[in-house]
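These protein sequences, in sequence, are chains P and Y.
Counting in this note's numbering, the first sequence runs from 98 upward without gaps.
Counting in this note's numbering, the second sequence runs from 20 upward without gaps.
All residues carry an ideal CB built from backbone N, CA and C; glycine is no exception.
Here is the structure we will look at.
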Amino acid sequence: MDIWLQLISALDSTLRLATPLILCAMAGLFSERSGIVDIGLEGKMLAGAFAAAATTAVTGSVWLGLIAAMGVAISMALLHGFACITHRGDQVVSGLAINILAAGLSVVLGIAWFKRGGQTPSLSGDQRFGPLELPLAEALSDVPILGQIYADLVSGHNLLVYIAFLAVPLTYLMVYKTRFGLRLRAVGENPQAVDTAGISVAWLRYRAVIMAGLFCGLAGAYLSIALGAGFVRDMSAGKGYIALAALIFGKWRPVPAMLACLLFGFLEALATRLQGVDLPLVGQIEVQFMQALPYVLTVVLLAGFIGRAVAPKAIGVPYSKDRA
Amino acid sequence: MSKGAKLPVWADVALIPLINVTLAFLAAGVVVALIGENPLDAVEVLVRGAFGYDEGVGYTLYYTTNFIFTGLAVAVAFHAGLFNIGGEGQAYIGGLGVGLVCLALDHLMPWWMLLPIAIAAGMIFGAAWAFIPGYLQAYRGSHVVITTIMFNFIASALMVYLLVNVLIKPGQMAPETRDIAEGASLPLMHELFAQVGIKITQTPLNLSIFVALLASFLVWLLIWRTRWGYAIRMIGHNESAAVYSGINPKKMVVVAMAISGSLAGLVAINEVMGAQGRIVLDFVAGSGFTGIAVALMGRNHPVGIILASLLFGALFQGGAELAFEFSTITRDLVVVIQGLVILFCGALAYMMRTPLERLFARFAKSREAN
Numbered sequence: 098m099d100i101w102l103q104l105i106s107a108l109d110s111t112l113r114l115a116t117p118l119i120l121c122a123m124a125g126l127f128s129e130r131s132g133i134v135d136i137g138l139e140g141k142m143l144a145g146a147f148a149a150a151a152t153t154a155v156t157g158s159v160w161l162g163l164i165a166a167m168g169v170a171i172s173m174a175l176l177h178g179f180a181c182i183t184h185r186g187d188q189v190v191s192g193l194a195i196n197i198l199a200a201g202l203s204v205v206l207g208i209a210w211f212k213r214g215g216q217t218p219s220l221s222g223d224q225r226f227g228p229l230e231l232p233l234a235e236a237l238s239d240v241p242i243l244g245q246i247y248a249d250l251v252s253g254h255n256l257l258v259y260i261a262f263l264a265v266p267l268t269y270l271m272v273y274k275t276r277f278g279l280r281l282r283a284v285g286e287n288p289q290a291v292d293t294a295g296i297s298v299a300w301l302r303y304r305a306v307i308m309a310g311l312f313c314g315l316a317g318a319y320l321s322i323a324l325g326a327g328f329v330r331d332m333s334a335g336k337g338y339i340a341l342a343a344l345i346f347g348k349w350r351p352v353p354a355m356l357a358c359l360l361f362g363f364l365e366a367l368a369t370r371l372q373g374v375d376l377p378l379v380g381q382i383e384v385q386f387m388q389a390l391p392y393v394l395t396v397v398l399l400a401g402f403i404g405r406a407v408a409p410k411a412i413g414v415p416y417s418k419d420r421a
Numbered sequence: 020m021s022k023g024a025k026l027p028v029w030a031d032v033a034l035i036p037l038i039n040v041t042l043a044f045l046a047a048g049v050v051v052a053l054i055g056e057n058p059l060d061a062v063e064v065l066v067r068g069a070f071g072y073d074e075g076v077g078y079t080l081y082y083t084t085n086f087i088f089t090g091l092a093v094a095v096a097f098h099a100g101l102f103n104i105g106g107e108g109q110a111y112i113g114g115l116g117v118g119l120v121c122l123a124l125d126h127l128m129p130w131w132m133l134l135p136i137a138i139a140a141g142m143i144f145g146a147a148w149a150f151i152p153g154y155l156q157a158y159r160g161s162h163v164v165i166t167t168i169m170f171n172f173i174a175s176a177l178m179v180y181l182l183v184n185v186l187i188k189p190g191q192m193a194p195e196t197r198d199i200a201e202g203a204s205l206p207l208m209h210e211l212f213a214q215v216g217i218k219i220t221q222t223p224l225n226l227s228i229f230v231a232l233l234a235s236f237l238v239w240l241l242i243w244r245t246r247w248g249y250a251i252r253m254i255g256h257n258e259s260a261a262v263y264s265g266i267n268p269k270k271m272v273v274v275a276m277a278i279s280g281s282l283a284g285l286v287a288i289n290e291v292m293g294a295q296g297r298i299v300l301d302f303v304a305g306s307g308f309t310g311i312a313v314a315l316m317g318r319n320h321p322v323g324i325i326l327a328s329l330l331f332g333a334l335f336q337g338g339a340e341l342a343f344e345f346s347t348i349t350r351d352l353v354v355v356i357q358g359l360v361i362l363f364c365g366a367l368a369y370m371m372r373t374p375l376e377r378l379f380a381r382f383a384k385s386r387e388a389n
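Below is the structure:
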């Protein structure tokens with residue numbers, strides 16, 4: 098029974114840790130499927146986290162915080178689009194610029210506005226997204242196994258966790274079942290064909306990066322006003338890059354990408370739990386090993402040693418009409 | 020890229036980069052103004068902090084040394100059309116090589132005998148950490164950008180593990196190795212000056228700045244005066260043309276990445292063998308990323324890189340002074356400037372091109388009319 102409870106609690110934190118990864122992976126999916134490399138997930142999430150915490154601290158409203166996070170992340174996405182789509186700049190360089198800008202600006206503005214060494218005031222009570230009790234969770238909690246899973250694992254998360262898991266089918270439907278999605282995938286594979294069909298490549302790609310900004314904003318808000326209670330410098334701590342790894346690991350498809358996020362989230366949840374624990378056969382597992390594992394797995398996958406991850410064909414190539 | 024023929028060479032080589040850098044600094048000025056401080060006052064503090072007294076100059080040049088190494092590393096890869104974001108990890112692993120060699124041999128020989136061995140070790144370790152992504156790009160088709168990002172994180176985890184569990188000096192809490200024996204670490208500049216009777220304030224500046232200048236010259240020689248350099252530039256410009264002229268692009272991708280990594284590994288000469296005198300956690304401290312801004316600003320040319328490194332060295336040192344003068348600005352402003360430089364000199368590099376071309380065309384027309 099003890100192991101069972103431990104498993105439930107490990108899976109519970111897996112969901113919490115995977116949430117920002119899933120949101121960022123869906124963000125990256127829209128952008129990269131349209132042919133725009135997005136290593137700026139990290140920066141957009143960080144900027145969103147700062148905007149959410151700062152706005153909520155000043156206004157007291159989580160909703161305004163959430164809107165601010167999405168607004169700021171979308172404007173950074175538009176900057177990325179302006180550089181890569183309009184001016185055909187290097188997409189990796191632009192993404193990197195966004196990451197560094199976000200890391201710098203969030204601290205500079207935080208220090209200037211709140212005078213707490215880069216942190217925002219800590220939030221409490223209804224200034225955060227609190228846990229939601231799903232209907233009947235209380236009543237079913239005595240039912241063995243299924244009831245417990247429902248009450249302890251599925252219920253009791255904050256709103257943004259549920260939004261993240263809804264974002265996956267939503268992304269799937271948008272990308273695979275709508276006209277926009279068909280064109281989005283086409284523009285990432287063969288922009289010339291899309292252009293020939295009389296559809297604007299630039300406008301499609303702008304819409305894709307806006308979607309990416311929106312999801313990154315949600316991920317940022319989750320970090321600072323749902324999971325955390327305020328902004329701390331560099332609080333995204335590489336999660337944007339892990340999400341990028343998960344996106345590649347899932348071969349740029351929504352459901353596999355989500356599974357990769359859950360796997361990486363589970364590894365992280367496990368890493369803290371296994372600290373100092375002696376396991377049969379293997380002995381102690383080092384935290385650093387677990388931390389490095391997502392990156393190692395992604396490198397191995399990309400190298401084609403387990404399956405093959407093939408990127409959208411036109412990814413990273415700026416489109417110009419006169420090139421063909 | 021649009022056809023460059025319309026612009027005179029000087030505009031392409033000097034004017035556009037200058038405009039882009041100016042735009043980046045103007046944007047930084049807007050940020051300062053937004054905070055409610057006077058940007059010109061901030062500039063004055065920066066310049067005074069970086070060059071106003073000998074300690075400031077020492078620190079400025081000490082930071083400059085790191086940025087020259089990482090800037091050169093990024094530039095060599097850029098010439099081959101590769102984007103090496105992994106300078107951070109390569110420098111970190113280079114530190115492992117330099118540190119191991121120094122800790123093993125420091126009781127056997129003085130620093131000037133140890134230096135060439137340490138340089139070789141740092142270069143080999145850094146090169147190895149870049150070789151794998153290079154190899155995977157050339158022969159397994161994974162993209163070097165993604166792999167080098169992943170390798171930064173793997174390097175960081177590996178070094179934390181080694182410092183906490185293996186290399187730590189017994190009986191201490193901080194995850195650091197023991198100090199390199201006196202006489203085996205690189206002499207600091209103030210010690211050298213003291214020997215000839217000149218007194219300057221103690222700073223971490225050490226002999227490795229000369230290693231950096233030598234490396235800049237050698238990179239210039241490599242890129243513009245050797246077969247390898249020619250092949251590297253060739254695959255960067257036009258891979259199929261390179262194949263027709265008998266160059267093996269796969270091999271050159273690996274070679275370019277290894278050279279790039281070996282240059283990044285040299286940061287450890289400045290930090291591990293020089294300034295710190297031991298391996299400490301996170302001694303690279305973002306130099307790998309600053310190298311990207313430096314290479315973009317210096318247009319991938321060693322002279323440009325030295326100048327851009329000096330500018331960023333001054334920003335880092337002067338930036339440290341900002342917090343003393345203003346209650347609202349800290350050195351983090353330099354990170355913003357770095358991001359803006361990468362944005363304007365890198366991602367938006369072509370933005371000013373079309374308007375300038377129009378301007379020059381109008382000039383030419385009006386001159387014809389006269």
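Whole-angstrom distance between residue j and residue i, CA atom to CA atom
i, j, result
"Y/GLY358", "P/THR293", "37 Å"
"Y/ASP198", "Y/GLY105", "27 Å"
"P/TRP349", "Y/GLU210", "57 Å"
"P/ILE242", "P/PRO218", "41 Å"
"P/LEU257", "Y/GLY365", "35 Å"
"P/HIS184", "P/TYR247", "50 Å"
"Y/GLY108", "Y/PRO36", "29 Å"
"P/PHE402", "Y/ALA99", "26 Å"
"Y/VAL51", "P/ARG276", "45 Å"
"Y/SER204", "Y/ALA174", "24 Å"
"Y/ILE356", "Y/VAL95", "24 Å"
"Y/VAL262", "Y/CYS121", "43 Å"
"Y/ALA33", "P/LEU359", "50 Å"
"P/TRP160", "P/ILE322", "10 Å"
"P/PRO288", "Y/SER385", "40 Å"
Burial state of residue i (16 or more Cβ within 10 Å)
i, result
"Y/VAL93", "buried"
"P/TYR319", "buried"
"P/LYS212", "exposed"
"Y/ILE278", "buried"
"Y/ASN319", "buried"
"Y/LEU177", "buried"
"Y/VAL28", "exposed"
"Y/TRP131", "exposed"
"Y/HIS256", "exposed"
Which of helix, strand or coil DSSP assigns to residue i
i, result
"P/PRO228", "strand"
"P/GLY401", "coil"
"Y/GLY265", "coil"
"Y/ASN225", "strand"
"P/LEU376", "strand"
"Y/ASN39", "helix"
"P/LEU161", "helix"
"P/LEU281", "helix"
"Y/LEU207", "strand"
"P/ASN255", "strand"
"Y/THR84", "helix"
"P/ILE339", "helix"
"Y/PHE335", "helix"
"Y/TRP247", "helix"
The ligand MN heavy atom lying under 7 Å from the CB of residue i
i, result
"P/MET332", "The ligand MN is absent from the structure shown, which contains no ligand whatsoever."
- Task: Select from the region 183-196 of chain P all residues with a C-beta closer than 9 Å to any C-beta belonging to chain Y, and list them in chain order.
- Result: THR183, HIS184, ARG185, GLY186, ASP187, GLN188, VAL189, VAL190, SER191, GLY192, LEU193, ALA194, ILE195, ASN196
- Message: Residues of the region 143-168 of chain P in Cβ contact with chain Y at a cutoff of 9 Å, in chain order, please.
- Response: none
- Message: At a CB distance below 8 Å, what residues from the region 66-84 of chain Y approach chain P? Give them in sequence order.
- Response: none
- the region 400-415 of chain P: which residues have C-beta closer than 7 Å to a C-beta of chain Y, in chain order? ALA400, GLY401
- Item | chain Y contacts from the region 206-227 of chain P (Cβ-Cβ distance under 8 Å) | LEU206, ILE208, ALA209, LYS212, GLY215
- Message: Can you pull out the residues from the region 332-365 of chain P whose beta carbon lies closer than 7 Å to at least one beta carbon of chain Y?
- Response: GLY335, TYR338, ALA342, ILE345
- Query: Name the residues in the region 374-396 of chain P whose C-beta lies less than 8 Å from a C-beta of chain Y; which are they?
  - Reply: From the region 374-396 of chain P, only GLU383, GLN385, PHE386, GLN388, ALA389, TYR392, VAL393, THR395, VAL396 have a Cβ closer than 8 Å to chain Y.
- Query: According to a CB-to-CB cut-off of less than 9 Å, which residues of the region 242-269 of chain Y neighbour chain P?
  - Reply: Residues of the region 242-269 of chain Y with a C-beta atom less than 9 Å from some C-beta of chain P do not occur.
- In the region 132-220 of chain P, which residue ranges form an unbroken alpha helix (DSSP H) of at least 4 residues, counting only runs that do not cross its ends? 138-156, 159-178, 188-211
- Task: Compile a chain-ordered list of the residues in the region 111-124 of chain Y whose CB is closer than 9 Å to at least one CB of chain P.
- Result: none
- May I have a chain-ordered list of the alpha helix (DSSP H) segments no shorter than 4 residues that lie completely inside the region 108-193 of chain Y? Runs of the alpha helix (DSSP H) lying entirely within the region 108-193 of chain Y, each at least 4 residues long, are 130-159, 163-180 in chain order.
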